[in-house]
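For the record, the sequence lines run as chains V and S. Our numbering numbers the first residue of the first sequence as 43 and each following residue consecutively. Our numbering numbers the first residue of the second sequence as 220 and each following residue consecutively. Heads up, the beta-carbon is just placed ideally off N, CA and C, and yes, glycines get one too. Computed from a predicted structure; not experimentally measured.
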Amino acid sequence: MTTAVADAHDSHDEHGPAKGIGRWLFSTNHKDIGTMYLVFSLTMFFIGGAMALVIRSELAVPGLQFVHPEFFNSMTTMHALIMVFGAVMPAFVGLANWMIPLMIGAPDMALPRMNNWSFWILPVAFGILLSTLLMPGGAPASGWTMYPPLVLQTGDAFPFLIFSVHLMGISSIMGAINVIVTIINMRAPEMTLLRMPMFVWTWLITAYLLIAVMPVLAGAVTMLLTDQFFGTSFFLAAGGGDPVMFQHIFWFFGHPEVYIMILPAFGVVSEIIPTFARKKLFGHDSMVYAAASIAFLSFIVWAHHMFTVGMPLTGQMFFMFATMLIAVPTGVKVFNWVATMWRGAMTFETPMLFSLAFVFLFTIGGFSGLMLAIAPADIQYHDTYFVVAHFHYVLVPGSVFAIMAGAYYWLPKWTGHMYNEKLGKLHFWTSTIFVNLTFFPMHFLGLAGMPRRIPDYSTQFTDFNTIASIGAIGFGLSQLLFVGVVLSAWKGSKATDRVWEGSHGLEWTVPSPAPYHTWETPPKARVAGEAFE
Amino acid sequence: MIRKSFLSMLGLFVASNVRADWALNMPKGVTDLSAETYGLHMMVFWWCVAIGLLVFGVMIISLVLHRKSRGAKAADFSHSMTAEIIWTAIPVVILLVMAVPAAETMVKLEDSRDPDISIVITAYQWKWHYKYQDEDIEFYSSLARPSLEARRKQSGIDPNAVDNYLLDVDRPVVVPRGAKVRLLLTSNDVVHSWWVPDLAIKKDAVPGIVNEAWFKVNEAGTYRGQCAELCGKDHGYMPIVVEVVEPDAFQAWVDTRKESAEQVASTQ
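Below you can see the structure in the form of structure tokens.
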């Protein structure tokens, strides 16, 4: 897709891309950097996915067939770290890089050199993290939550784990600063805050979440580092520290992190549904307020991850009620999407199909989230496959489907060609069927009493595990189709500037493929005004 | 040929299901509070089903009727304050309906006052240690031998041939029926979590901290669970077995434990 972007329209442009590898290494162009983020994310998605398949293969039948328990724990840990920090977050940053300047009429991101740096930190961070697989003592195996004291039992990999998490955090913080500065300062004239597209809005809120919580994570892992090597006892009971304190700090980061991974997804879906319903987004302003409310609430619910840890009754009550409240703004979002579809004139191209599946399946994840909020019931659900089912429903057919939807939606704008719609639909249907086959039975496993993060299980859990493993292999293979679709966009028919009949917004007023430089002069207020409305 | 092998695979699958129970739901359990927890779980579940039917129903109707291929023309409306207020207010009311009973159960779960017996549970990588506070009885409880042999990588032993594979221990914890049992949990190394689904108890064992939980079982029986917090390589291999027996049988068990403890002491 990248070469197509480069060569089609910029022949008249003195500031076209540099030649060779330098174009990518030194790039300060938001489109090139966006592309690199997206390619990086897809690569990590396949690496993390391969680890998931190791997990599911081992769990297909009871007994230990392929891996040792230590390596199994490394796989669950690395799968999570790679998918969260390497696949989902960079994918959204990639979409932000590509689309935010196009959507608000800005020539580039506000801080282009920092943009380059925040991307190039990532391959280094994940190179370090992946290299721990080869170290004595193996890769980190304490879960991505890195709870002490267990995480302090990690072998040589330990400082590398901490360092790679630091790097991921630095990258995210710089990316977030860039997004905020761009959105606040570089909008086209007439584009007031409340006229911004939903994707821009959700990313603005997400970026504030990122700069609020990534330093907290950095602090937490730094304390782990000093506990291990410099004689401190922040989290060590023997030295007067408190292991539970780490959990509080981690989840103060961890819960907003969950919304960091879903709010941009809300934004993508809020762009796509109106396009294919040929109707304006219902309740734009209340969607903004709902996203902001979700972001605010995300800071005061962290201890719902810790209902079994031994908190005072009043603490449990507070976190239960606050968590339940999140259902309200989340409900508003879903109701508004449905109201957007209502009495529209819908067509079902691949981006729309992924968005519709998002609304259905994210809502199922939302329901299990509501169930998990009920503290006494959570004591039964906690650390079981019910939780695994819940967060995979909001992350896979949630975040990942939204990323897929966004990729299909904007691919013609990026490449200048239509992708193969038949292949796209095939990718959609296989993904949707297999994702449910994988994760739905996990609800039953958890309720029936199967804990998470175990390499082997009692025989009454066999059947649903076998089904989940079959689903996982199918889902993994289906994603190869996506690569085929992206490649098909090189040969596809020429895309028009508007691409979709119902498209709305400034990004569809520039040519397809988008030239290397866009909006060197801000869009005229009238043009922009029409596009915003 | 392909069909034949497929059928035989299917046959195997069905045969293996004779043992399995396709359990779909949370157990009701054997304590008053486990039944209450189950009740809360089902209440929220049915609320979710109802809301889901409504939302998905409207969505599906829209997907069927409001499609361009049926000649639908897009309407022009894009906001309604009334609608926003309605679908903000109604969920708040539903949440209140859920929150009240949940809070009531929560209060009961935390009330571990006036126990009949207290057991100190200390978690180790990867076994449990039980100490009966007033009885001078203490012992370790770890994975039972048959499971231990079958769990090894490529052990050649079919897990289906092992009774209670991975959920059986060498020495179960024994408690009397009808007694209020208080658990005092801590850990010797990393964080573990003591979980028995039928008792609806899951409480973390954290080094340096003593957590409390309690249960009172109404019917005698054997109840199984396992460690629920990742605690290292053998996290999957530290099960829990609670045997609930009649009070006189419990007294007899206590006496034999003490006798054998004295014998061990006198021979040393």
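Cβ-Cβ separation, residue j to residue i (assumed contact under 8 Å), whole Å
{"i": "Tyr451 (chain V)", "j": "Pro497 (chain V)", "result": "Going by Cβ atoms, the distance from Tyr451 (chain V) to Pro497 (chain V) rounds to 40 Å, so no, they are not a contact pair."}
{"i": "Met484 (chain V)", "j": "Ala419 (chain V)", "result": "Contact flag wrong, Cβ pair sits at about 17 Å."}
{"i": "Thr350 (chain V)", "j": "Asp423 (chain S)", "result": "5 Å"}
{"i": "Leu414 (chain V)", "j": "Val326 (chain S)", "result": "20 Å between Cβ atoms; not a contact."}
{"i": "Gly325 (chain V)", "j": "Ala381 (chain V)", "result": "7 Å"}
{"i": "Leu412 (chain V)", "j": "Val263 (chain S)", "result": "6 Å"}
{"i": "Val103 (chain V)", "j": "Thr508 (chain V)", "result": "6 Å"}
{"i": "Leu403 (chain V)", "j": "Tyr435 (chain V)", "result": "6 Å"}
{"i": "Phe503 (chain V)", "j": "Met446 (chain V)", "result": "Phe503 (chain V) to Met446 (chain V), Cβ: 31 Å. No contact."}
{"i": "Ala333 (chain V)", "j": "Ile247 (chain V)", "result": "5 Å"}
{"i": "Leu418 (chain S)", "j": "Val249 (chain S)", "result": "7 Å"}
Whole-angstrom distance between residue j and residue i, CA atom to CA atom
{"i": "Thr480 (chain V)", "j": "Cys450 (chain S)", "result": "26 Å"}
{"i": "Pro298 (chain V)", "j": "Pro557 (chain V)", "result": "36 Å"}
{"i": "Ala291 (chain S)", "j": "Leu284 (chain S)", "result": "8 Å"}
{"i": "Lys322 (chain V)", "j": "Trp384 (chain V)", "result": "11 Å"}
{"i": "Ala514 (chain V)", "j": "Tyr384 (chain S)", "result": "25 Å"}
{"i": "Pro310 (chain S)", "j": "Pro371 (chain V)", "result": "10 Å"}
{"i": "Ile177 (chain S)", "j": "Ala342 (chain S)", "result": "Not covered by the structure: residue 177 (chain S). The range shown for chain S is 220 to 487."}
{"i": "Met177 (chain V)", "j": "Glu112 (chain V)", "result": "13 Å"}
{"i": "Gly518 (chain V)", "j": "Arg443 (chain S)", "result": "35 Å"}
{"i": "His72 (chain V)", "j": "Tyr456 (chain S)", "result": "50 Å"}
{"i": "Arg289 (chain S)", "j": "Asp539 (chain V)", "result": "27 Å"}
{"i": "Ile596 (chain V)", "j": "Ile215 (chain V)", "result": "The shown model of chain V, from 43 to 575, leaves out residue 596 (chain V), and the question about it has no answer."}
{"i": "Phe434 (chain S)", "j": "Asp474 (chain S)", "result": "23 Å"}
{"i": "Gly179 (chain V)", "j": "Gly197 (chain V)", "result": "4 Å"}
{"i": "His347 (chain V)", "j": "Ser281 (chain S)", "result": "37 Å"}
Chain-ordered chain S contacts of residue i [CB-CB under 9 Å]
{"i": "Met120 (chain V)", "result": "Neighbours of Met120 (chain V) on chain S: none; closest Cβ ~14 Å, over 9 Å."}
{"i": "Ala319 (chain V)", "result": "Ser281, His285, Ala293"}
{"i": "Ser184 (chain V)", "result": "Val409, Leu449, Gly451"}
{"i": "Asp284 (chain V)", "result": "Val425, Gly427, Ile428"}
Within chain S, partners of residue i - CB distance below 8 Å
{"i": "Met413 (chain V)", "result": "His260, Val263, Phe264, Cys267"}
{"i": "Tyr558 (chain V)", "result": "In chain order: nothing, as chain S lies at least about 35 Å away."}
{"i": "Ser328 (chain V)", "result": "His298, Glu303"}
Nearest candidate by alpha-carbon position, reference residue i, set the options
{"i": "Pro565 (chain V)", "options": "V:His121, V:Pro143, V:Ile89", "result": "V:Pro143"}
{"i": "Glu303 (chain S)", "options": "V:Trp561, V:Phe377, V:Met383", "result": "V:Phe377"}
{"i": "Ser184 (chain V)", "options": "V:Leu266, V:Leu101, V:Trp243, V:Ser160", "result": "V:Leu266"}
{"i": "Val286 (chain V)", "options": "S:Asp417, S:Ile428, S:Arg370, S:Pro458", "result": "S:Ile428"}
{"i": "Ser500 (chain V)", "options": "S:Leu367, S:Ile420, S:Pro395", "result": "S:Leu367"}
{"i": "Arg396 (chain S)", "options": "S:Arg476, S:Ile336, S:Thr307, S:Val316", "result": "S:Ile336"}
{"i": "Ser160 (chain V)", "options": "V:Tyr79, V:Glu100, V:Lys536, V:Asp198", "result": "V:Tyr79"}
{"i": "Gly281 (chain V)", "options": "V:Thr268, V:Leu123, V:Glu562, V:Gly296", "result": "V:Thr268"}
{"i": "Glu354 (chain S)", "options": "S:Lys287, S:Ile338, S:Tyr343, S:Glu438", "result": "S:Ile338"}
{"i": "Ala398 (chain S)", "options": "S:Asp251, S:Trp306, S:Pro416", "result": "S:Asp251"}
{"i": "Ala279 (chain V)", "options": "V:Leu192, V:Val300, V:Val311, V:Tyr331", "result": "V:Leu192"}
{"i": "Gly273 (chain V)", "options": "V:Leu194, V:Ala334, V:Trp243, V:Gly296", "result": "V:Leu194"}
{"i": "Ile302 (chain V)", "options": "V:Phe288, V:Gly373, V:Phe241", "result": "V:Phe241"}
{"i": "Phe202 (chain V)", "options": "V:Gln270, V:Phe443, V:Arg155, V:Leu246", "result": "V:Gln270"}
{"i": "Lys452 (chain S)", "options": "S:Ser281, S:Ala254, S:Trp345, S:Val268", "result": "S:Trp345"}
{"i": "Gly526 (chain V)", "options": "V:Glu463, V:Glu549, V:Ile512", "result": "V:Glu463"}
{"i": "Phe476 (chain V)", "options": "V:Thr457, V:Ser520, V:Met120", "result": "V:Ser520"}
For residue i: DSSP bridge partner residues
{"i": "Gln445 (chain S)", "result": "S:Trp414, S:Pro458"}
{"i": "Ala402 (chain S)", "result": "The question names Ala, yet the displayed sequence has Leu at residue 402 (chain S). According to DSSP, which records beta bridges pairwise, Leu402 (chain S) is partnered with S:Ile338, S:Ala432."}
{"i": "Lys350 (chain S)", "result": "S:Val339, S:Glu357"}
{"i": "Arg286 (chain S)", "result": "V:Met388"}
{"i": "Asp423 (chain S)", "result": "S:Ser412"}
Contacts of residue i in chain V (Cβ-Cβ under 7 Å)
{"i": "Trp241 (chain S)", "result": "Asp505"}
{"i": "Leu386 (chain S)", "result": "Ser500"}
{"i": "Asp423 (chain S)", "result": "Thr350, Val351, Gly352"}
{"i": "Thr341 (chain S)", "result": "None at all; the shortest Cβ gap to chain V is about 13 Å."}
{"i": "Ser412 (chain S)", "result": "Thr350, Asp425"}
{"i": "Asp378 (chain S)", "result": "The sequence shown places Pro at residue 378 (chain S), not Asp. Per Cβ cutoff of 7 Å: Pro104, Gly105, Thr501."}
{"i": "Leu346 (chain S)", "result": "Here residue 346 (chain S) turns out to be Lys, not Leu, going by the sequence shown. Near Lys346 (chain S) there are no residues of chain V at all, since even the closest Cβ is about 15 Å away, more than 7 Å."}
{"i": "Arg370 (chain S)", "result": "Leu106, Asp498"}
{"i": "Met457 (chain S)", "result": "Here the premise fails: no neighbours, minimum Cβ distance about 10 Å."}
{"i": "Val326 (chain S)", "result": "Leu355"}
Residues that residue i contacts on chain S, provided the C-beta gap is smaller than 7 Å
{"i": "Arg237 (chain V)", "result": "Result: empty, since nearest Cβ-Cβ is about 13 Å, beyond 7 Å."}
{"i": "Phe363 (chain V)", "result": "Ala318"}
Neighbouring residues, chain V, relative to residue i (Cβ below 8 Å)
{"i": "Asp453 (chain S)", "result": "Pro111"}
{"i": "Pro310 (chain S)", "result": "Ala369, Val370, Gly373"}
Interface partners of residue i on chain B, CB under 8 Å
{"i": "Gln195 (chain V)", "result": "Among the chains of the structure shown, chain B does not appear; the protein chains present are V and S."}
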